Every structure is written in C-alpha cells, then in structure tokens.
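Trainee:
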Amino acid sequence: MNQWGKRDDMLVHETEPFNAEPSPVALARAVITDVDTFYSRNHGPVPDVDPDAWRLTVVGLVDQPLTLSLAELRERFEQHSLLATLQCAGNRRSGFLKVRDIPGEDPWESGATSTARWTGVRLADVLLAAGIRPEAAHVAFAAPDRSELADPPQTYGGSIPAAKALSGETLLAWAMNDEPLTPLHGAPVRVVVPGWIGARSVKWVERITVQAEPSDNYFQATAYRVLPPDADPRQAGPGDGISLGAVALNSAILEPADGAQVTAGKLDVTGYAFAGDDRGVARVDVSVDGGETWSQADLVAQPSPWAWCQWRANVQVEAGQVEIVARAWDTTAALQQESARELWNPKGYVNNSWPRIHVHST
Ligand SMILES: Nc1nc2c(c(=O)[nH]1)N[C@H]1C(S)=C(S)[C@@H](COP(=O)(O)O)O[C@H]1N2
Ligand SMILES: [Mo]
51 MNQWGKRDDM LVHETEPFNA EPSPVALARA VITDVDTFYS RNHGPVPDVD PDAWRLTVVG
111 LVDQPLTLSL AELRERFEQH SLLATLQCAG NRRSGFLKVR DIPGEDPWES GATSTARWTG
171 VRLADVLLAA GIRPEAAHVA FAAPDRSELA DPPQTYGGSI PAAKALSGET LLAWAMNDEP
231 LTPLHGAPVR VVVPGWIGAR SVKWVERITV QAEPSDNYFQ ATAYRVLPPD ADPRQAGPGD
291 GISLGAVALN SAILEPADGA QVTAGKLDVT GYAFAGDDRG VARVDVSVDG GETWSQADLV
351 AQPSPWAWCQ WRANVQVEAG QVEIVARAWD TTAALQQESA RELWNPKGYV NNSWPRIHVH
411 ST
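Numbering (this note's numbering), first residue to last: 51 to 412.
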C-alpha cells in the first residue's frame, strides 16, 4: 500500500501530482471498486483540509447564502447513497497515441474508470435551502488545490448545468464505500456528478456559486474540451472546442490481459461498458476475428443506473495469434465508434473506440 492508500500494483502515471489507475485484472475483480484500487486523477498537490475548520459556502443567485460546517451539512439534510461510476475523460487515451502523440497528457489505459457507493446529501437539497433563483443556469464548484498545469496557474473548479445540479443523483459526498473519504478522494466533502465526466466531480469542494454562465475556471473553460485535430492545444483559449459533460458510451476488455498466452478452445473474456447520464448499456458484442463476426456477451451486472455494466463472453479461440474486439450499444441504440483515428483530438479526451486486445493461443 502506498502513502495514498493505493495497492502497490497500480499503474502510476505521475507521483506529483498523483495520477494512478488499477490494473485491468484488479478492476475486473468486483462491481464496486475497493478504495485501494479506485483510480485517482489530480491536477495539483492533494490539499490537507482540516474537517473541523472546513466550511462549505453557497453563494451567487440564491436568496439565502449559506455557510455550513460538516456537522451542519449532515444534520440539516437527509442522507442519501448511490452507486456511481466515475470515468475520467482521459480514460483510454493510450489508444490515441498509436494514431498521433499527445505531449503533456498521461497515457491512461482503461483503468481511469471505477465504481463506488457514495454517501452524502443531495446537492439539490442544499440549493433549495439556499433559495436558488429561477434565473440560475449553472452551478460552479471551487476547490483549494492549486494546479500549475492550468494557464494561468489556479485552483481547481468546474460547473454543471442547474438541471443536473438539481437532479436527485448529484451528491455532496463525505463517504466512499461506507468509509469517510480519504484525503486523495476529496475529504472531507466532494461533489459526485453521476454519469458526467470525472472532472466535474470536484474534490475538496469549499464554494458553490449559482450563476448564469458556466464556470470560467481553466478546467471548465479551456481544458476538458475536444478540439479539432489540427488545433494547437497550447493556443486554445476559453470556449474553444466541445465542452465535455455527460459521459459518452464506452467499453473496455479487462480479461484476458492484452498480450496474454491462453489455451486454445473456450475462453472467458470480461470487461465493462458504461453509458453516461440517463443512458444505459443495452448490448455488448465480442468478436474473435477482428470484427467480421460477433457474438453477444452476457451483461453480468449493472448495479445502478449510474454505474458501469460488467460483461462476460465465452468465446472459441483457435491456436495462433487472435485479436479480440468488443463494442457496446446503449439504450438509444447508439454504437461505439470503430476506430480511434476519427476520434483523435489534441488533448486526447473520450477515446471510446472499440477496445481491441491480442492474445497468443496455444
Ligand atoms: N479539486 C479537484 N477535484 C477534482 C480533480 C482535481 O484535480 N482537483 N480532478 C478531477 C478529475 S479530472 C477526475 S477524473 C476525478 C477523479 O476522482 P478521484 O481522484 O477520486 O478518482 O476528480 C475530479 N475532481
Ligand atoms: Mo478526469
């Protein structure tokens, strides 16, 4: 276990700021990811927040600005729990690097996706207590961690539309898998925005501002946007590109591992699929001939509307080099894009092309 409480076999992309993901095998083990296995994405040093001194302020387009201690938050509002998957917009970026290099961004594999049971209060209840005004359009979150990667360097923040903030699923959470949040995951309180890119689930949240426009924080206005392929990301400014919110349909093969030696015959293939916001995973297909023919995987568990779907297929593999491909469909009958080539973008977000692995079968 490392200083952040993570297993020793995590794939650590950076130690400062700490950025790490579990191995596919570790991620495949359970529908709810253990805290020691859950990926972590940070843009600056993890702040040391004293839970007794911590206050949450709610300001902006509200009739009654609020300042709440942790005890007040817990006492004044009803407690709610839900299972939700967090997925980083950089998940599977590594697949883009075969198309073209992406300097300055971590080569995340399929493990920047994990699922936990989150407990806290509904953001909606807090906003209603503050008297959110009708002209409110966005709800912005501010945290104390400072990122030198932002231009200019600044503390982390982001926003979501008021409708998502007022939905029952968006939480101000203090517990993850029934344990208090660890410092790495946002203690004492973080936002959890189910079905939206991980970047909007702001950790160590200390200020909520109800406003007419989206947040002007770098991580909302400039980063986490899909730029056209020919854009220079160093030149990108506020408002450029497509802002990311709801998670796009995606999937991954977790077992067997890419490059594994397997025995010819029947082979179990497992993975996850995830459809953001109010979409669900409807079907997962698996091919052992590079996408010529497909068979349907069993959808093993989708434990909540906000969580991933774990799938398993039992396929026949012949001796030799075998390419295994998967593809997911969502409840709108949308299918994942076949190749990363069309999806490549300068910051490397949302690689939701069909996952492919190669195994050697004897
Ligand atoms: N304050 C703060 N919140 C943050 C971040 C951050 O760097 N600072 N990273 C975001 C991103 S990009 C992701 S994907 C998730 C990751 O959450 P985790 O570290 O708990 O897995 O937190 C989000 N919230
Ligand atoms: Mo992220």
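Note that the Cβ used here is the ideal one computed from N, Cα and C, for glycine as well. Values in this document were obtained by computation on a predicted structure and should not be read as measured data.
1) Which value, in whole angstroms, describes the spacing of the CA atoms of Ala225 and Trp168?
2) Going along the chain, which unbroken runs of the alpha helix (DSSP H) with 4 or more residues stay wholly within the stretch 120-208?
3) Going along the chain, which residues of its own chain have a beta-carbon closer than 7 Å to the beta-carbon of Ala384, five neighbours each way excluded?
4) If you check the beta carbons only, do Arg406 and Val372 fall under 7 Å apart?
5) Just to confirm before moving on: does the CB-CB distance between Ile82 and Thr165 stay below 7 Å?
6) So, for Pro157: in the same chain, excluding its five sequence neighbours on each side, which residues have a beta-carbon less than 8 Å away from its beta-carbon?
7) Got a sec? Which residues, its chain only, sit under 6 Å from Gly170 by beta carbon, not counting five neighbours each side?
8) Which same chain residues, not among the five before or five after Gly181, have their C-beta less than 6 Å away from its C-beta?
9) Does the beta carbon of Lys253 fall short of 6 Å from some heavy atom of ligand 1?
10) Cutting at 8 Å between CB atoms, please list the residues of its own chain near Glu263, excluding the five before and the five after it.
11) Taking 6 Å as the cut-off, does the CB of Leu92 come closer than this to any heavy atom belonging to ligand 1?
12) Per DSSP, which residues does Val334 bridge with? Please list them.
13) For the beta strand (DSSP E) that contains Tyr322, what are its first and last residues?
14) Would you mind giving the Cβ-Cβ distance between Arg250 and Ile210, rounded to the nearest angstrom? I have them listed as a contact below 8 Å.
15) How about Asp335 and Gln352: are their beta carbons less than 7 Å apart?
16) Is the Cβ-Cβ distance between Asp195 and Pro97 less than 7 Å?
17) Whole angstroms are fine: how far does the CA of Ala302 sit from the CA of Thr343?
Mentor: With the structure as the only source:
1) On the sequence shown, position 175 is the one that residue 225 refers to. On the sequence shown, position 118 is the one that residue 168 refers to. For Ala225 and Trp168, the distance between alpha carbons rounds to 6 Å.
2) Runs found: 120-126 and 173-179.
3) Translated into positions along the sequence shown, residue 384 becomes position 334. If we look at Ala384 and ignore the five residues flanking it on each side, its Cβ neighbours are Leu299.
4) One-based indexing of the sequence shown puts residue 406 at position 356. One-based indexing of the sequence shown puts residue 372 at position 322. No, these two residues do not count as a Cβ contact at 7 Å.
5) In the sequence shown, counting from the first residue as 1, residue 82 sits at position 32. In the sequence shown, counting from the first residue as 1, residue 165 sits at position 115. Yes, these two residues count as a Cβ contact at 7 Å.
6) Within the sequence shown, numbered from 1, the residue matching residue 157 stands at position 107. Same-chain partners within the cutoff: His63, Arg143, Ser144 and Leu147.
7) Working through the sequence shown from its first residue, we reach residue 170 at position 120. Result list for Gly170: Leu221, Leu222, Ala223 and Trp224, in chain order.
8) Against the sequence shown, residue 181 aligns to sequence position 131. Apart from sequence neighbours up to five positions away, the residues of its chain that approach Gly181 with a beta-carbon distance below 6 Å are Val112, Asp113 and Gln114, ordered along the chain.
9) In the sequence shown, the residue the question calls residue 253 occupies position 203. Checking every heavy atom of ligand 1 against the Cβ of Lys253, one is found closer than 6 Å.
10) Against the sequence shown, residue 263 aligns to sequence position 213. Taken in chain order, the residues that qualify are Ala187 and His188.
11) Sequence index remark: in the sequence shown, residue 92 carries index 42 (1-based). Just to set this straight, residue 92 is Asn in the shown sequence, not Leu. At least one heavy atom of ligand 1 is nearer than 6 Å to the Cβ of Asn92, so yes.
12) Here the question's residue 334 lines up with position 284 in the sequence shown. Beta-bridge pairing links Val334 to Ala378.
13) Here residue 322 corresponds to residue number 272 of the sequence shown, with the count starting at 1. Its beta strand (DSSP E) spans residues Gly315 to Phe324.
14) Reading the sequence shown from its first residue, position 200 is the one you call residue 250. Reading the sequence shown from its first residue, position 160 is the one you call residue 210. Arg250 to Ile210, Cβ: 5 Å. Contact.
15) As a position in the sequence shown, residue 335 is number 285, starting the count at 1. As a position in the sequence shown, residue 352 is number 302, starting the count at 1. No, Cβ-Cβ distance for Asp335 and Gln352 is not below 7 Å.
16) Taking the sequence shown and counting its residues from 1, one reaches residue 195 at position 145. Taking the sequence shown and counting its residues from 1, one reaches residue 97 at position 47. For Asp195 and Pro97, yes; Cβs fall inside 7 Å.
17) The residue you call residue 343 lines up with position 293 of the sequence shown. The residue you call residue 302 lines up with position 252 of the sequence shown. Cα to Cα, Thr343 sits roughly 18 Å from Ala302.
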